[in-house]
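To start, the structure under review is shown below, and the notes come after it.
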Amino acid sequence: DRVFNVGIAEQNMIGVAAGMARAGLVPFASTFSVFASLRAADQLHTDICYQNVNAKIIATHSGTSFGQAGSTHHAIVDLAVTRAMPNLTVICPADGYETANAVRAAYENFGPYYIRINRGFDRVLYDNEDYGFEVGKAVEVHPGTDITVIACGSCVFQAREAAKFLESADGLKVRVLNMHTIKPIDKEAILKAVQDTRRIITVE
1 DRVFNVGIAE QNMIGVAAGM ARAGLVPFAS TFSVFASLRA ADQLHTDICY
51 QNVNAKIIAT HSGTSFGQAG STHHAIVDLA VTRAMPNLTV ICPADGYETA
101 NAVRAAYENF GPYYIRINRG FDRVLYDNED YGFEVGKAVE VHPGTDITVI
151 ACGSCVFQAR EAAKFLESAD GLKVRVLNMH TIKPIDKEAI LKAVQDTRRI
201 ITVE
């Protein structure tokens, strides 16, 4: 009695989640990222974000992680869409451990959350969940003083591996920041990176 299959009706699902939140529950609604952010955009914006209700969206199959399904299932603009919605916290975890931390944070903090994850098969970035996750605070996963790479989601692992390669091959010291929270963004970490390394590349 705690799991409800609403069928292929994403707009309705978001409306149901908004109603549950209004009734005092903490609903977690899950669908593909492209459907959560585009097909149900009006319901997400008006019923959840504009009303600032305590509903959480788990958006799966983000980016092109479900590439074989074709372009209709590619979520390549969802971060741009959700960032613009009022009151919505947007998190893009780097691996399973970070996803668990993000889900806990979403449950413990009031307000709408959009947690964006891939289809699966992501590389493991962290050894465990105790690395210091905090909503709105980037995590440095590789030190560097020459240039900074800011990444989110599964790209964080790839960015860290690239940083290791560049250091061993060319002596280039690349700082890698895991910007798991897209909104609110960690402005302090960005400004510090500019001051320390003078150059920033983003990978998403």
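Per UniProt numbering: the sequence shown = residues 1 to 204.
Cβ atoms here follow ideal geometry from the backbone N, Cα and C, with glycine treated the same way.
Any non-hydrogen atom of the ligand GTP within 8 Å of residue i CB
i: Ala105; result: The ligand GTP is not part of this structure, which contains no ligands at all.
Inter-residue spacing [alpha-carbon to alpha-carbon] between residue i and residue j
i: Leu125; j: Asp95; result: 6 Å
i: Val81; j: Asn128; result: 31 Å
i: Leu166; j: Glu98; result: 26 Å
i: Ile58; j: Thr31; result: 7 Å
i: Ala106; j: Ile147; result: 32 Å
i: Ile201; j: Val149; result: 5 Å
i: Thr181; j: Gly7; result: 30 Å
i: Met13; j: Gln158; result: 34 Å
Burial state of residue i (16 or more Cβ within 10 Å)
i: Lys164; result: exposed
i: Lys187; result: exposed
i: Pro143; result: exposed
i: Ala151; result: buried
i: Gly120; result: exposed
i: Gly153; result: buried
i: Leu177; result: buried
Closest residue to residue i among the options (Cα-Cα distance)
i: Ala18; options: Ala106, Asn52, Phe4; result: Asn52
i: Asp1; options: Thr89, Pro112, Pro27; result: Pro27
i: Asp78; options: Tyr114, Tyr50, Asn54; result: Tyr114
i: Ala29; options: Ile190, Gly171, Ser71, Gln11; result: Gln11
i: residue 217; options: Met13, Ile8, Ala40, Leu25; result: Outside the modelled stretch of the chain, which goes from 1 to 204, sits residue 217, for which no answer is possible.
i: Arg123; options: Gly171, Asp42, Pro93, Gly7; result: Pro93
i: Ala100; options: Gly132, Ala41, Arg39, Ala9; result: Gly132
i: Pro86; options: Gly111, Gly153, Val141, Ala40; result: Gly111
i: Tyr50; options: Ala138, Asp170, Leu88; result: Leu88
Contacting residues, own chain, Cβ-Cβ under 8 Å from residue i (five flanking each side not counted)
i: Thr145; result: Lys173, Arg175, Asp196, Thr197
i: Ile185; result: Gly136, Met179
i: Ala21; result: Pro27, Ile48, Val53, Asn54, Ala55
i: Glu161; result: none
Contacts around residue i, its chain only, beta-carbon distance under 7 Å, and the 5 residues preceding and following it disregarded
i: Cys155; result: Val203, Glu204
i: Asp170; result: none
Same chain only: Cβ atoms within 6 Å of residue i, ignoring 5 sequence neighbours per side
i: Ser37; result: Asp78, Val81, Thr82
i: Ser65; result: Asn118, Arg119
CB contact check: residue i to chain B, cutoff 9 Å
i: Gln11; result: Annotation note: the requested chain B is absent from the structure, which comprises a single protein chain.
To test your reading of the DSSP string, which unbroken beta strand (DSSP E) runs of 3 or more residues are found completely within the UniProt domain "Transketolase-like pyrimidine-binding" (1 to 124)? For the UniProt domain "Transketolase-like pyrimidine-binding" (1 to 124), whole beta strand (DSSP E) runs of length 3 or above, ordered along the chain, are 28 to 32, 56 to 60, 89 to 91, 113 to 116.
Uninterrupted alpha helix (DSSP H) stretches inside the stretch 120 to 189 (no shorter than 4 residues): Counting only runs that start and end inside the stretch 120 to 189, the alpha helix (DSSP H) elements of at least 4 residues fall at 155 to 170.
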